[in-house]
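Chemist:
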Ligand SMILES: Nc1nc2c(ncn2[C@@H]2O[C@H](COP(=O)(O)OP(=O)(O)OP(=O)(O)O)[C@@H](O)[C@H]2O)c(=O)[nH]1
Ligand SMILES: [Mg+2]
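In this note's numbering, the protein residues as written are 4 to 438.
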C-alpha cells in the first residue's frame, strides 16, 4: 500500500485511511438555463408598413454556481436531488423589448468539496473556504434580435439568433468528511447509541466493551442550512496514550475534530465514578497531545434513565449536559450546543490556506483533421455562430460567413491544408469548402 499522508488521511493512491475520515461523494447533473431567442420584428408606423427592424434580444439563461458554505457538512442533499437547472432566459419581443434573464442558482457545498468531470475525471475546481465560488454551468447566451443585424448593407434583416442552450454536464463531487465533534468515552459509555440517535448512522450497539472497533461518522442535520459531522470513536481506556487497548489510532481521530465531547457513563459509576472517568479521559487525551485540552469541550453524563446524577456534576460548569439516549432527555439541548460550538470553531479556525483550482475554458478556435477530406472546427465562438443562426435563411448564412472569417477560421483551415470539396464540421453542422 502507498504511504499514507498523516495529515490528510488520504494515501498516495487516493484510497482513504478509514481512521481519519471517509469520503462522501455524489454525482450531479447541472444545467444552465437556455438563452431566450432573439426576435424578428419591424416597426409599423402609420403609412410605413415595413419600418426599421425592432426585434429585441433574448435574455441570458441563468448560471449555476457552487458556493462553499461552512454550515453544510455533507453532500447528502445532492444524493436526493441530483439534477439542478437554472432558469431560462425569456425570448425577445418586438418594439425592442429584451427578454428577462433567467434566474441564477447557487448550490451550497461543504468546505473542501472537490469537483471533477464525471466522465473525463479531471479535477475542475476545489472549494476550500466559506464563500469560494465556482461557475458549474453557464447559462446560454440570449439570441440577438434582428435590430442588432442592421447595417448599411443590410437594411431589413429577416433573421435573429436562437438562444444558446445552457451548459449541461455531469460532475462528480467529493468531500473528505472530517469529524467536527468527536465522541470520547470509556468502552460501553453509550457513544454509538448517542450517534445513532442524533444522526442517520447505524453503528452496532451492545452491552459490552469494544463493540465499536472503527470510528463511525454521522452527519447531524439541525435544519436546512446547518450540518455537522460527529465521530463515534472506539472506547478509550487508561493507558491508551501509551498504546493500551486500541490506543493511539483513535486518539489520532480525536485530534482532527474541532470539538470534543466527553461521555461519562452514569450506569457504571459503581466501578468508576464519573469524575474519575473524566480525569482518566482528560489525562489520556492530554498525554497524547496537550493542545487537545484547549479545544472546545462538552462533558456529558449518559444513561440518565438508569442511574442518578451526582449533585456536583451539573454544578461544575457550563458545558455539562445530562442525557438519556433511551428517553431522549437532554439530547436536543446537547445537539444545539454542539452546533453552536462547531459554528464558532469553524469561524475561528478556517481550514488551512489552499488555492482554489479553476480551469478556464480554452479560448480561440482550433482545426482538427477528422478524416481524409474532413475537418472539424473547435472553439466556442465558432460553434456558437452556427448554432445560434438559422441556416436556411440566406441573410443569416451571409452573416455566418462573415463572422467565421472574422474569427480567423478561414486562415486556420487554409493552414491546415483544406482543399475545395472537403467537408467542414462545426458543432452539429457541416458544409463543403469552397475557397
Ligand atoms: N439505559 C440506557 N442504556 C443505554 C443508553 N445509552 C446506551 N445504553 C446502553 O449501553 C450499552 C452500550 O452502548 P453503546 O452505544 O454500544 O456504547 P459505546 O460507547 O459505543 O461502546 P463501545 O463501542 O464498546 O465503546 C448498550 O447496551 C446500550 O443499549 C442510555 O441512555 N440509557
Ligand atoms: Mg460503540
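Note that the Cβ used here is the ideal one computed from N, Cα and C, for glycine as well.
Just so it is clear, the structure is predicted and the values come from calculations on it, not from any experiment.
Is residue 48 helix, strand or coil when you go by DSSP?
Modeler: Along the chain shown, one-based indexing puts residue 48 at 45. Three-state result, residue 48: strand.
Chemist: Which residues have their C-beta within less than 6 Å of a heavy atom of ligand 1, listed in chain order?
Modeler: That gives 188, 190, 191, 192, 193, 194, 195, 196, 208, 209, 210, 212, 213, 214, 215, 237, 238, 305, 306, 308, 309, 327, 328, 329.
Chemist: Quick check: the Cα distance between residue 336 and residue 326, rounded to an integer number of angstroms?
Modeler: As a first step, residue 336 must be located in the chain shown, where it is residue number 333. As a first step, residue 326 must be located in the chain shown, where it is residue number 323. Straight-line Cα distance between these residues: approximately 9 Å.
Chemist: Under 7 Å Cβ to Cβ from residue 333, same chain only, skipping five residues before and after it: list those, please.
Modeler: On the chain shown, position 330 is the one that residue 333 refers to. So the qualifying residues of the chain are 307, 324, 325, 326, 327.
Chemist: By the 10 Å Cβ neighbour count, where 16 or more other Cβ atoms means buried, how is residue 271 classified, buried or exposed?
Modeler: Taking the first residue of the chain shown as 1, we reach residue 271 at position 268. Burial call: buried.
Chemist: In this structure, how does DSSP classify residue 92 when only helix, strand and coil are distinguished?
Modeler: What you label residue 92 is simply residue 89 of the chain shown in a count that begins at 1. Correct three-state label for residue 92: coil.
Chemist: Please list, in chain order, all residues of the same chain as residue 355 whose beta carbon is under 8 Å from its beta carbon, the five residues on each side excluded.
Modeler: In the chain shown, residue 355 corresponds to position 352, counting from 1. With a pLDDT of 49 at residue 355, under the threshold of 50, the predicted position of this residue should be treated as unreliable, though the coordinate-derived value follows. Within the same chain, residue 355 has no close Cβ partners at all.
Chemist: Are residue 123 and residue 107 close, meaning C-beta to C-beta below 8 Å?
Modeler: Translated into the one-based positions of the chain shown, residue 123 becomes position 120. Translated into the one-based positions of the chain shown, residue 107 becomes position 104. Cβ distance not < 8 Å, so residue 123 and residue 107 don't count as in contact.
Chemist: At the level of alpha carbons, what is the spacing between residue 31 and residue 292?
Modeler: Locating residue 31 in the chain shown gives position 28, where the first residue counts as 1. Locating residue 292 in the chain shown gives position 289, where the first residue counts as 1. Their backbone Cα atoms lie some 40 Å apart in a straight line.
Chemist: Residues in its own chain within less than 6 Å of residue 357 by CB, not counting five upstream and five downstream?
Modeler: Your numbering for residue 357 matches position 354 in the chain shown. Interpretation of residue 357 is limited by its pLDDT of 46, a score under 50 that renders its predicted location unreliable; the figure taken from the coordinates is listed afterwards. Excluding sequence neighbours, residue 357 sits near 131.
Chemist: In terms of residue numbering, what span does the alpha helix (DSSP H) encompassing residue 278 cover?
Modeler: Numbered from its first residue, the chain shown carries residue 278 at position 275. Unbroken alpha helix (DSSP H) run through residue 278: 277 to 291.
Chemist: Who pairs with residue 117 in a beta bridge, going by DSSP?
Modeler: Start at 1 with the first residue of the chain shown, and residue 117 comes out as number 114. Paired residues: 129, 177.
Chemist: Entirely within the stretch 376 to 436 and at least 4 residues each: give me those alpha helix (DSSP H) ranges in chain order.
Modeler: Qualifying alpha helix (DSSP H) stretches, in chain order: 383 to 391, 397 to 409, 412 to 418.
Chemist: In the DSSP assignment, find the unbroken alpha helix (DSSP H) run with residue 329 in it and report its ends.
Modeler: Numbered from its first residue, the chain shown carries residue 329 at position 326. Per DSSP, residue 329 belongs to no alpha helix (DSSP H) and is neither H nor E.
Chemist: Does the separation of the CB atoms of residue 234 and residue 254 fall below 8 Å?
Modeler: For this step, residue 234 is matched to residue 231 along the chain shown. For this step, residue 254 is matched to residue 251 along the chain shown. No, these two residues do not count as a Cβ contact at 8 Å.
Chemist: Give every residue of the same chain whose Cβ lies closer than 6 Å to the Cβ of residue 136, excluding the five residues on either side of it in the sequence, and list them in chain order.
Modeler: Stepping through the chain shown from its first residue, residue 136 is reached at position 133. Once the five neighbours on either side are set aside, the close Cβ partners of residue 136 are 68, 70.
Chemist: Assuming residue 187 contacts residue 257 (C-beta within less than 8 Å), just tell me the rounded distance between them.
Modeler: Translated into the one-based positions of the chain shown, residue 187 becomes position 184. Translated into the one-based positions of the chain shown, residue 257 becomes position 254. With a Cβ gap of about 6 Å, residue 187 and residue 257 count as contacting.
Chemist: Would DSSP call residue 295 helix, strand or coil?
Modeler: As a working mapping, residue 295 is identified with position 292 in the chain shown. Looking at residue 295 - three-state DSSP - the assignment turns out to be helix.
Chemist: Starting from residue 81 and walking both ways along the alpha helix (DSSP H), at which residues does that stretch end?
Modeler: Within the chain shown, numbered from 1, the residue matching residue 81 stands at position 78. Per DSSP, residue 81 belongs to the alpha helix (DSSP H) from 79 to 83.
Chemist: For residue 374, which of helix, strand or coil comes out of DSSP?
Modeler: What you label residue 374 is simply residue 371 of the chain shown in a count that begins at 1. Note: residue 374 maps to strand in three-state DSSP.
Chemist: Give me the Cβ distance between residue 240 and residue 190, rounded to the nearest whole Å; I'm assuming they're in contact under 8 Å.
Modeler: Here the question's residue 240 lines up with position 237 in the chain shown. Here the question's residue 190 lines up with position 187 in the chain shown. Correct: roughly 7 Å between the Cβ atoms.
Chemist: Tell me which same chain residues have a C-beta within less than 8 Å of the C-beta of residue 245, skipping the five on either side of it?
Modeler: For the purposes of this step, residue 245 is taken as residue 242 along the chain shown, with counting starting at 1. Hits under 8 Å: 290.
Chemist: Between residue 218 and ligand 2, is the CB less than 7 Å from at least one heavy atom?
Modeler: Residue numbering aside, residue 218 sits at position 215 when the chain shown is read from its first letter. No, since every heavy atom of ligand 2 falls outside the 7 Å radius drawn around the Cβ of residue 218.
Chemist: Within 10 Å of its beta-carbon, does residue 6 have 16 or more other beta-carbons around it, so buried, or fewer, so exposed?
Modeler: Residue numbering aside, residue 6 sits at position 3 when the chain shown is read from its first letter. Below a pLDDT of 50, predicted positions are generally treated as unreliable, and residue 6, at 36, falls in that range; no measurement from the model is reported.
Chemist: Under 7 Å from any heavy atom of ligand 2, does the C-beta of residue 183 make it?
Modeler: As a first step, residue 183 must be located in the chain shown, where it is residue number 180. Answer for residue 183: no, Cβ out of range of ligand 2.
Chemist: Out of curiosity, what's the CA-to-CA distance linking residue 384 and residue 227?
Modeler: If you number the chain shown from 1, residue 384 lands on position 381. If you number the chain shown from 1, residue 227 lands on position 224. Using only the alpha carbons, I get a separation of about 40 Å.
Chemist: Nearest-angstrom Cα distance between residue 23 and residue 177?
Modeler: Counting from one through the chain shown, the residue named residue 23 turns up at place 20. Counting from one through the chain shown, the residue named residue 177 turns up at place 174. Only weak support is given to the placement of residue 23: the predicted model assigns it a pLDDT of 36, under 50, and the value that follows is read from those uncertain coordinates. Cα-Cα distance, rounded: 16 Å.
Chemist: Can you tell me whether residue 206 sits near ligand 2, meaning its C-beta is under 7 Å from at least one heavy atom of the ligand?
Modeler: The count along the chain shown starts at 1 and reaches residue 206 at position 203. Within the cutoff, so yes.
Chemist: Would residue 113 be called buried (16 or more neighbouring beta carbons within 10 Å of its own) or exposed?
Modeler: To locate residue 113, count along the chain shown from 1; it is residue 110. The residue in question, residue 113, is buried, as its Cβ has 16 or more Cβ neighbours within 10 Å.
Chemist: Helix, strand or coil, according to DSSP, for residue 228 in the structure here?
Modeler: Walking along the chain shown from the start, residue 228 turns up at place 225. In the structure shown, residue 228 sits in coil (DSSP, three-state: anything other than H, G, I, E or B).
Chemist: Return the first residue and the last residue of the alpha helix (DSSP H) that residue 194 is part of.
Modeler: In the chain shown, the residue the question calls residue 194 occupies position 191. Unbroken alpha helix (DSSP H) run through residue 194: 194 to 201.
Chemist: Is it true that the stretch 142 to 151 meets the stretch 192 to 208, where meeting means three or more beta-carbon pairs spaced less than 8 Å apart?
Modeler: No, because fewer than three Cβ pairs between the stretch 142 to 151 and the stretch 192 to 208 fall closer than 8 Å, the two stretches do not touch.
Chemist: List the endpoints of the continuous beta strand (DSSP E) containing residue 185.
Modeler: Position 182 of the chain shown, counting from 1, holds the residue named residue 185. Here the beta strand (DSSP E) through residue 185 covers 184 to 188.
Chemist: Could you pull out every residue in the same chain whose Cβ sits closer than 6 Å to the Cβ of residue 143, ignoring the five residues on either side in sequence?
Modeler: What you label residue 143 is simply residue 140 of the chain shown in a count that begins at 1. Once the five neighbours on either side are set aside, the close Cβ partners of residue 143 are 37, 38, 64, 166, 167, 168, 169.
Chemist: For the beta strand (DSSP E) that contains residue 236, what are its first and last residues?
Modeler: Locating residue 236 in the chain shown gives position 233, counting from the first residue. Neither: residue 236 is in no beta strand (DSSP E) and is coded neither H nor E.
Chemist: Using only alpha-carbon positions, find the residue among 103, 182, 105, 396 that is nearest to residue 259.
Modeler: The residue you call residue 259 lines up with position 256 of the chain shown. Residue 182 is the option with its Cα nearest to residue 259.
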